[in-house]
Structure formats: C-alpha cells, structure tokens
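Colleague: The following block contains the structure, expressed as structure tokens.
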Amino acid sequence: MASEYNEFIEKDGKMVAKPQTKAIWKTFWILLIITVLEFVVAFSLPHHYHILKVAIFVGMTLIKAAYIMGDFMHLSQETKGLFWTILVPIVFIAWLVLALLLEGGFISTY
Amino acid sequence: MATHAAAEPKQLWLGGAEPMKASYGKLMMWIFLVSDAFTFSGLLIAYGLVRYSHPSFEGVPAEFVFSTEYWPIPEKVFEAVPFFHGYQLPLVFVGIMTFILIFSSVTMVLAVEAGHRNDKSDVEKWMLWTILGGITFLGSQAWEWGHFITGTDKPTIVTDIINGVQVTKEVFGANLHVNQYGPQPFADFFFFITGFHGTHVTSGVILNIIVFFNVCMGLYERRGHYEMVEKVGLYWHFVDLVWVFVFTFFYLV
C-alpha cells in the first residue's frame, strides 16, 4: 500500500503521505444515491407493482453490498483465493432464501 | 513486533507461509464475518418465511389500518420522527439512521487509509468520527424502540381469546406479548433482528473505542503498522452491510 503514495506533506514535525481519498468519497456518493433512489422507488411506484418493487430493492441492495465489500472492505484487492473463499459460501444463503420463501407461500397460520 | 519496519507490515505465519497473502488476524476476521452473515441471513430469511405465511394487506395503502389479521405495510409503522409528533413521515427517520451508518462506514475507511500512511493524527480523527457515528446510530435506535414500544396515539382494537373467553381490548404499542401494528411475530422479529444488529453496533463501538485508545497511546505507531484499525474496520463495515440488508428487507419490502 505504502508504495502507491508519491506525494508527501509535513505534519507534526515528520513526513506523511498525502491522503488519497477520491475513490472513497466516490463510493460514498454511489451508496447515498442508490439509497435515495430506493426511497424514490418506494414512494413513486404504485402499490400493485409489488413484485417489480421487490426486485428493484433486491437489485439495489446487492449493488450496495458489492460496493461496501469490494471497496470499503477491500475485498476486490485481496487474492482470488480469499475473494472466492468469502463469496462461495453465500450460495448456501441463496439456497435457503429459495427454499424458505417458496415454503412460506404454502404454509399458513390461518 | 516493534522491530518491524513500516514498509513491511505483513509477516509470515508461524508455519512459515502467508496463506492468501493475508495476515492471520485479517483472515480470521473474514471467516468470522462469513459465519456472522449466516446468522443474520437465518434471521432475515425466517422473517421472510413468516411474513409470506401471513396474509398481506389487500387494498389501497391510503386506507391501511393496523390489524392483527394481516401483515402491516412497514412504511405505515415506521413513520415517526423525533420532534415531529403527529406528522406522517414514512421511513424518514430510518433513512437518517441509514445515512448515519453509511457515513460512519466512510469515516472508518478513511481511518484505515490514514493507517496505511502511518498518519497517527488522521487515524485518531477519523476513528473518533466513526465512534460518534456509531453512538448516534445507537441513540436513534433507542428512540425508535421507545416509540415502537409506546405506540401511536390511537390504540388498535385486538380480539384475543383468554381462558376460552373472547376478549376485546385496546392495545398501545408492542412488546413480546401484544402488538398493535400487526401479527405478533412482526413485533418479535422487529425486536430480534434490529436488536441483534444493535448488539453488533454496540460491540463495534466498544472495539472502536479500544482501538482508538491504543492509537492515541501510540501502540500501533510503535508496532509499525495499523492493521488493528483494518481489522475493526472490517467488522464495522460488516455491521453497515447488515444494516443495508435489514433496511431493505424489514423497512422497504
């Protein structure tokens, strides 16, 4: 990481590298804009488009998750091995979602 | 540890290798987060199952009233904002909470970036902002819980069967026994999911305070690298990540 810095400033009597925060703030704005868009969708799409709404929300949530994990948690900069070690187990979550939500349509407490 | 130069924060594990080019602590944090993701997924998916096993409200949202007969529309439940009593502001407060948590995630990643540059004062500054964001979020959640438990101005008429006799009663707010907003599991899941997430935020704030203290005492400067900041950073971002999902599946859908 340290090798990426080539500009230095003096601070508290010693030299420190100049902050490079452009990418971080870019990700922040993307996350903020997606959240605002979610609000817009929540209040502008009529109620009977429920399935479309849910699909948009899930899609936007996954995009936000990708940005948080990839940029904020630096997962995209880790090795391929670590990247897939973290992501592959999520298949089990996808399976549980399918299994239980389909099941939820069949059981009823009433 | 102190003898390591700043340029080489990474070191070999005791086995003489460095699996996946990650330090032991960082890799273990990632593995822990995967297991924690399973726990939260279990909770949210169970919520989905129970929600779709109850009838949903049929009709125009404008005519929605609270009833234990069907699952409530979340934006009708969460529409209160502090100091704006009596106004209907659906999802505004939870939106503010989401913003606070995303912002504290940004200050955390700025602290990590400052750590890469061994810039002690910048790490201190951004860690402090992160801690403040976390505490603000917890305070907001406490208010939200308080409002949820106390209830709205008008009660919901709930029909219940007690000792074989049908009883009609007025219900304000919700707890683990009664719920004015909808079926009982709705309140139970609200307390469990947001409570479990709030517990994570609480422990995250405590970890951040410990690391902030260590930064101030110059421990990581002597060590030569700020990897501890990175590790609590991973945890903090995960808490933010979970909130993104809770926000979507509990409040929006």
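Same order as they appear, the protein sequences are chains A and B.
Residue 126 in this note's numbering sits at position 103 of the first sequence, and the numbers go up by one each step.
Residue 847 in this note's numbering sits at position 68 of the second sequence, and the numbers go up by one each step.
Glycine included, C-beta positions come from ideal geometry on N, C-alpha and C.
Given the structure is predicted, the values throughout are model-derived calculations rather than measurements.
(1) Identify the residues that DSSP records as bridge partners of D835(B): which are they?
(2) Report all residues from its chain with a CB closer than 8 Å to the CB of Q945(B); omit the five preceding and five following residues, and keep chain order.
(3) Could you check what DSSP says for Q945(B) in three-state terms: helix, strand or coil?
(4) With a threshold of 8 Å between beta carbons, is S846(B) in contact with chain A?
(5) Tell me the start and end of each unbroken beta strand (DSSP E) in the region 28-90 of chain A that is at least 3 residues and wholly inside, in chain order.
(6) Going straight from the alpha carbon of M906(B) to that of Y960(B), what length do you get?
(7) Does M38(A) come within less than 8 Å of chain B when only Cβ atoms are used?
(8) Whether or not the region 984-1004 of chain B and the region 49-57 of chain A are in contact is what I'm after, with contact meaning three or more pairs of Cβ atoms, one per stretch, closer than 8 Å; do they touch?
(9) Is L54(A) close to chain B, meaning its C-beta is less than 8 Å from at least one C-beta of that chain?
(10) Hey, how far is the Cα of N942(B) from the Cα of T931(B)?
(11) Going by other Cβ atoms of all chains shown within 10 Å of its Cβ, with 16 needed for buried, is R1001(B) buried or exposed?
(12) Shorter than 8 Å from the beta carbon of I824(B) to some beta carbon of chain A?
(13) Taking a Cβ distance cut-off of 7 Å, strictly less, list which residues of the region 1011-1024 of chain B are near chain A, in chain order.
(14) Buried or exposed for K1010(B), please, with buried defined as at least 16 other CB atoms from any protein chain shown within 10 angstroms of its CB.
(15) Flag this pair as touching only if the region 887-903 of chain B and the region 42-51 of chain A have three or more C-beta atom pairs under 8 Å; answer yes or no.
(16) Please decide whether W809(B) counts as near chain A, where near means a Cβ-Cβ distance under 8 Å.
(17) State the Cα-Cα distance for the pair A890(B) and W48(A), rounded to the nearest angstrom.
(18) So for D932(B), helix, strand or coil by DSSP?
(19) How should G912(B) be labelled, buried or exposed, when 16 other C-beta atoms within 10 angstroms of its C-beta is the threshold for buried?
Modeller: Here's the rundown:
(1) Start at 1 with the first residue of the second sequence, and residue 835(B) comes out as number 56. At residue 835(B) the sequence reads Ser, which differs from the Asp that was named. According to DSSP, S835(B) bridges with W850(B).
(2) Working through the second sequence from its first residue, we reach residue 945(B) at position 166. Cβ within range, chain order: T938, D939.
(3) In the second sequence, counting from the first residue as 1, residue 945(B) sits at position 166. Strand.
(4) The residue given as residue 846(B) occupies position 67 in the second sequence. Answer no: the Cβ-Cβ gap between S846(B) and chain A never drops below 8 Å.
(5) 31-34, 37-40
(6) Residue mapping note: residue 906(B) aligns to position 127 of the second sequence, counting from 1. Residue mapping note: residue 960(B) aligns to position 181 of the second sequence, counting from 1. Looking at the two C-alpha atoms, the distance is approximately 39 Å.
(7) In the first sequence, counting from the first residue as 1, residue 38(A) sits at position 15. False, the Cβ-Cβ gap to chain B never drops below 8 Å.
(8) no
(9) The residue you call residue 54(A) lines up with position 31 of the first sequence. Interface residue, yes.
(10) In the second sequence, the residue the question calls residue 942(B) occupies position 163. In the second sequence, the residue the question calls residue 931(B) occupies position 152. Rounded to the nearest angstrom, the two C-alpha atoms are 28 Å apart.
(11) Position 222 of the second sequence holds residue 1001(B). It is exposed - the Cβ of R1001(B) has fewer than 16 other Cβ atoms within 10 Å.
(12) Position 45 of the second sequence, counting from 1, holds the residue named residue 824(B). Yes, because at least one Cβ of chain A sits closer than 8 Å to the Cβ of I824(B).
(13) L1013, H1016, D1019, L1020, V1023, F1024
(14) Start at 1 with the first residue of the second sequence, and residue 1010(B) comes out as number 231. K1010(B) comes out buried.
(15) yes
(16) Counted from its first residue, the second sequence places residue 809(B) at position 30. At least one chain A Cβ lies under 8 Å of W809(B).
(17) In the second sequence, residue 890(B) corresponds to position 111, counting from 1. In the first sequence, residue 48(A) corresponds to position 25, counting from 1. Their Cα atoms are separated by approximately 13 Å.
(18) In the second sequence, the residue the question calls residue 932(B) occupies position 153. Looking at D932(B) - three-state DSSP - the assignment turns out to be coil, as it is neither helix nor strand.
(19) Within the second sequence, numbered from 1, the residue matching residue 912(B) stands at position 133. By the neighbour-count rule (16 or more Cβ atoms within 10 Å), G912(B) is buried.
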